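Position 32 of the sequence shown, counting from 1, maps to 31 under numbering that gives the first Met the number 0, and the rest follow consecutively. Read the structure below first, then the notes.
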Amino acid sequence: MTSFFDLLLSGLMSGLVIGLGALAVTLVFGVARFPNAATGDVMSLSAYAALAAAGATGSMVLGGAGALLAGILLNVALYLLVFRKLADRRPVMSLLASIGVGFMVRAGLGLVYGQQPQVFRMPLTRPMMLFDMRIQPTDLKLAGVTIVTLVAVFLILEKTSIGRRMRAVSADPSLARVSGIDPVRVMLALWALAGAVSAMAGLILGMKTVVTPDMGWNMLLPSFAAAVLGGIGHPLGAVVAGVLLGVVQELATPFVGFTYKIAVAFAVLMLVLLVRPRGLFGRQDGAR
Numbered sequence: 000m001t002s003f004f005d006l007l008l009s010g011l012m013s014g015l016v017i018g019l020g021a022l023a024v025t026l027v028f029g030v031a032r033f034p035n036a037a038t039g040d041v042m043s044l045s046a047y048a049a050l051a052a053a054g055a056t057g058s059m060v061l062g063g064a065g066a067l068l069a070g071i072l073l074n075v076a077l078y079l080l081v082f083r084k085l086a087d088r089r090p091v092m093s094l095l096a097s098i099g100v101g102f103m104v105r106a107g108l109g110l111v112y113g114q115q116p117q118v119f120r121m122p123l124t125r126p127m128m129l130f131d132m133r134i135q136p137t138d139l140k141l142a143g144v145t146i147v148t149l150v151a152v153f154l155i156l157e158k159t160s161i162g163r164r165m166r167a168v169s170a171d172p173s174l175a176r177v178s179g180i181d182p183v184r185v186m187l188a189l190w191a192l193a194g195a196v197s198a199m200a201g202l203i204l205g206m207k208t209v210v211t212p213d214m215g216w217n218m219l220l221p222s223f224a225a226a227v228l229g230g231i232g233h234p235l236g237a238v239v240a241g242v243l244l245g246v247v248q249e250l251a252t253p254f255v256g257f258t259y260k261i262a263v264a265f266a267v268l269m270l271v272l273l274v275r276p277r278g279l280f281g282r283q284d285g286a287r
């Protein structure tokens with residue numbers, strides 16, 4: 000039987016991936032003001048790009064670079080070709096467009112690669128035993144990569160001029176425009192950053208499980224849930240909520256089964272929102 004600590008570790012790993020997806024969602028929402036439903040499909044395409052790059056070069060480092068490049072380029076292209084043109088429309092228009100774009104990406108991946116699951120060729124390693132816990136060395140590496148990614152994102156948001164401009168646009172778009180901040184540059188940087196985060200989420204999810212055209216779509220609902228639970232538009236809240244939901248899902252698995260574990264996470268989401276409608280970290284004014 001799987002021990003409590005094994006479930007806890009598994010929950011932490013899946014929670015970090017959910018947190019990355021939620022961070023990508025909340026970054027876009029905080030500035031562009033709509034939930035990007037294509038986030039999961041950017042994750043999927045990035046995972047396939049990593050598979051192709053790693054297969055061609057034999058290097059997982061170059062595979063990761065391929066994932067990052069694919070995620071950034073796709074997200075920036077989507078902004079320039081689709082979402083920039085809808086910036087003055089109601090947010091629901093951008094949401095509907097993102098659903099359509101995501102479907103097109105997913106269908107394209109299915110046509111090119113088929114529905115057969117693909118896996119990264121990883122070296123076999125023995126798990127390390129720590130008390131009652133079995134720890135896979137690969138999981139430690141993936142957790143390390145995830146944490147480095149999160150630290151890098153928060154440093155960009157807090158310590159760089161473009162990060163400060165993103166936060167200024169998020170807080171008050173009109174005032175930011177009057178202050179001389181170029182909204183196009185900010186949006187390009189935002190979509191590139193969200194694409195990089197989505198790419199890392201797709202890469203890590205693909206290495207932990209299997210790569211399929213639907214993998215990112217299946218991760219989208221938990222990512223949305225974590226973004227809302229953390230306080231939509233609040234980056235740190237999205238990550239913390241993602242880890243929380245991941246742990247809750249895994250710990251619930253022995254009681255409700257694998258198929259229904261996501262329902263437990265949504266039950267937690269609803270309970271928290273009944274008590275605190277703006278989420279764990281949301282402010283009274285709504286989103287930041």
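Heads up, the beta-carbon is just placed ideally off N, CA and C, and yes, glycines get one too. Owing to the predicted nature of the structure, the values given are computational and were not obtained by experimental measurement.
Please list the segments of the alpha helix (DSSP H) lying wholly inside the region 199 to 275, counting only runs of 4 or more residues, in order along the chain. Counting whole runs of 4 or more residues, the region 199 to 275 contains the alpha helix (DSSP H) stretches 214 to 229, 234 to 255 and 260 to 274.
Tell me whether the beta-carbon of V267 lies closer than 8 Å to the beta-carbon of V247. For the purposes of this step, residue 267 is identified with residue 268 of the sequence shown, where counting begins at 1. For the purposes of this step, residue 247 is identified with residue 248 of the sequence shown, where counting begins at 1. Less than 8 Å separates the beta-carbon of V267 from that of V247.
Hey, out of M132, Q117, Y112 and D138, whose CA is closest to T124's CA? Position 125 of the sequence shown, counting from 1, holds the residue named residue 124. In terms of CA proximity to T124, D138 leads the group M132, Q117, Y112 and D138.
R177 versus A76 - alpha carbon distance: Walking along the sequence shown from the start, residue 177 turns up at place 178. Walking along the sequence shown from the start, residue 76 turns up at place 77. The sequence given here has Val at residue 177, not Arg. About 27 Å.
Anticipated Cβ contact below 8 Å, A200 with V16, distance rounded: Working through the sequence shown from its first residue, we reach residue 200 at position 201. Working through the sequence shown from its first residue, we reach residue 16 at position 17. Going by Cβ atoms, the distance from A200 to V16 rounds to 6 Å, so yes, they are a contact pair.
Considering only DSSP beta bridges, list what M127 is partnered with. Counted from its first residue, the sequence shown places residue 127 at position 128. Per DSSP, the beta bridge partners of M127 are I134.
Report the CB separation of A251 from P221 in whole angstroms; it is logged as a contact under 8 Å. Counted from its first residue, the sequence shown places residue 251 at position 252. Counted from its first residue, the sequence shown places residue 221 at position 222. Not confirmed; about 13 Å, so no contact.
Residue burial classification, P126 (beta-carbon count within 10 angstroms, cutoff 16): On the sequence shown, position 127 is the one that residue 126 refers to. Exposed, by the Cβ-count rule.
Name the two residues that bound the continuous alpha helix (DSSP H) containing L11. Here residue 11 refers to the residue found at position 12 of the sequence shown. First-last of the alpha helix (DSSP H) with L11: F3 to A31.
Let me check understanding here. Comparing Cα to Cα, which of R120, G162 and L279 lies closest to A52? The sequence position of residue 52 within the sequence shown is 53, counting from 1. Nearest C-alpha to A52: R120.
Counted within 10 angstroms of its Cβ, other Cβ atoms place V30 as buried (16 or more) or exposed: As a first step, residue 30 must be located in the sequence shown, where it is residue number 31. Taking all protein chains shown into account, V30 has 16 or more neighbouring C-beta atoms within 10 Å of its C-beta and is therefore buried.
Chain-order list of residues whose beta-carbon lies under 6 Å from that of A286 (same chain, five-residue window excluded): Taking the sequence shown and counting its residues from 1, one reaches residue 286 at position 287. The predicted position of A286 is uncertain, since its pLDDT is 40 and thus under 50; a value taken from the coordinates is nonetheless stated next. Hits under 6 Å: I231 and G232.
Local Cβ density within 10 Å of R164, reported as buried at 16 or more and exposed below that: Here residue 164 corresponds to residue number 165 of the sequence shown, with the count starting at 1. With 16 or more neighbouring CB atoms inside 10 Å of its own CB, R164 falls in the buried class.
Please list, in chain order, all residues of the same chain as M0 whose beta carbon is under 7 Å from its beta carbon, the five residues on each side excluded. Counting from 1 along the sequence shown, the entry for residue 0 is found at position 1. In this prediction, M0 scores a pLDDT of 47, lower than 50, which makes its location untrustworthy; the coordinate-derived value is nonetheless stated afterwards. The beta carbon of M0 is closer than 7 Å to none in its chain, skipping five residues each way along the sequence.
Taking I203 and V144 to be in contact with their CB atoms under 8 Å, please state how far apart those CB atoms are, rounded to whole angstroms. As a working note, residue 203 is residue 204 in the sequence shown. As a working note, residue 144 is residue 145 in the sequence shown. Right, their Cβ atoms sit about 7 Å apart.
Is the beta carbon of V152 closer than 8 Å to that of L192? Looking up residue 192 in the sequence shown gives position 193. Looking up residue 152 in the sequence shown gives position 153. A Cβ-Cβ contact shorter than 8 Å links L192 with V152.
Taking the C-alpha atoms as reference points, what is the distance between G194 and V41? Here residue 194 refers to the residue found at position 195 of the sequence shown. Here residue 41 refers to the residue found at position 42 of the sequence shown. Approximately 7 Å, taken between the alpha carbons.
Through-space distance from W190 to G229, alpha-carbon basis: Here residue 229 refers to the residue found at position 230 when the sequence shown is read from its first residue. Here residue 190 refers to the residue found at position 191 when the sequence shown is read from its first residue. Between G229 and W190, the alpha-carbon positions lie close to 21 Å from each other.
What first and last residue would you give for the alpha helix (DSSP H) that runs through A37? Here residue 37 corresponds to residue number 38 of the sequence shown, with the count starting at 1. Unbroken run through A37: none, as it is neither H nor E.
Would you be able to state if there are at least three C-beta pairs under 8 Å between the region 94 to 109 and the region 34 to 50? Of all C-beta pairs linking the region 34 to 50 to the region 94 to 109, three or more are shorter than 8 Å, placing the two stretches in contact.
Exposed or buried, E249, counting other C-beta atoms within 10 Å across all chains shown (16 or more means buried)? Position 250 of the sequence shown, counted from the first residue, corresponds to residue 249. Burial state of E249 is buried, judged by a 10 Å Cβ sphere holding 16 or more other Cβ atoms.
Comparing alpha-carbon positions, which option in S197, T258 and I134 lies nearest G65? As a first step, residue 65 must be located in the sequence shown, where it is residue number 66. Closest by alpha carbon: S197.
Please report how far the alpha carbon of S160 lies from the alpha carbon of V185, in whole angstroms. As a working note, residue 160 is residue 161 in the sequence shown. As a working note, residue 185 is residue 186 in the sequence shown. Those two C-alpha atoms are separated by around 10 Å.
Once the 5 residues before and after L73 are set aside, which same chain residues still bring their CB inside 7 Å of it? Translated into positions along the sequence shown, residue 73 becomes position 74. So the list reads V41, L44 and G194, once near-sequence residues are dropped.
In the DSSP assignment, find the alpha helix (DSSP H) that holds I71 and state where it starts and stops. Taking the first residue of the sequence shown as position 1, residue 71 is located at position 72. I71 -> alpha helix (DSSP H) spans M59 to L77.
Need the endpoints of the alpha helix (DSSP H) that F102 sits in, please. In the sequence shown, the residue the question calls residue 102 occupies position 103. Run containing F102: P90 to Y112, per the alpha helix (DSSP H) assignment.
Pairwise C-alpha distance: A142 and P276: Numbered from its first residue, the sequence shown carries residue 276 at position 277. Numbered from its first residue, the sequence shown carries residue 142 at position 143. Looking at the two C-alpha atoms, the distance is approximately 31 Å.
Is it right to say P234 is buried, meaning 16 or more other beta carbons lie within 10 angstroms of its own, or is it exposed? Here the question's residue 234 lines up with position 235 in the sequence shown. Buried is the call here.
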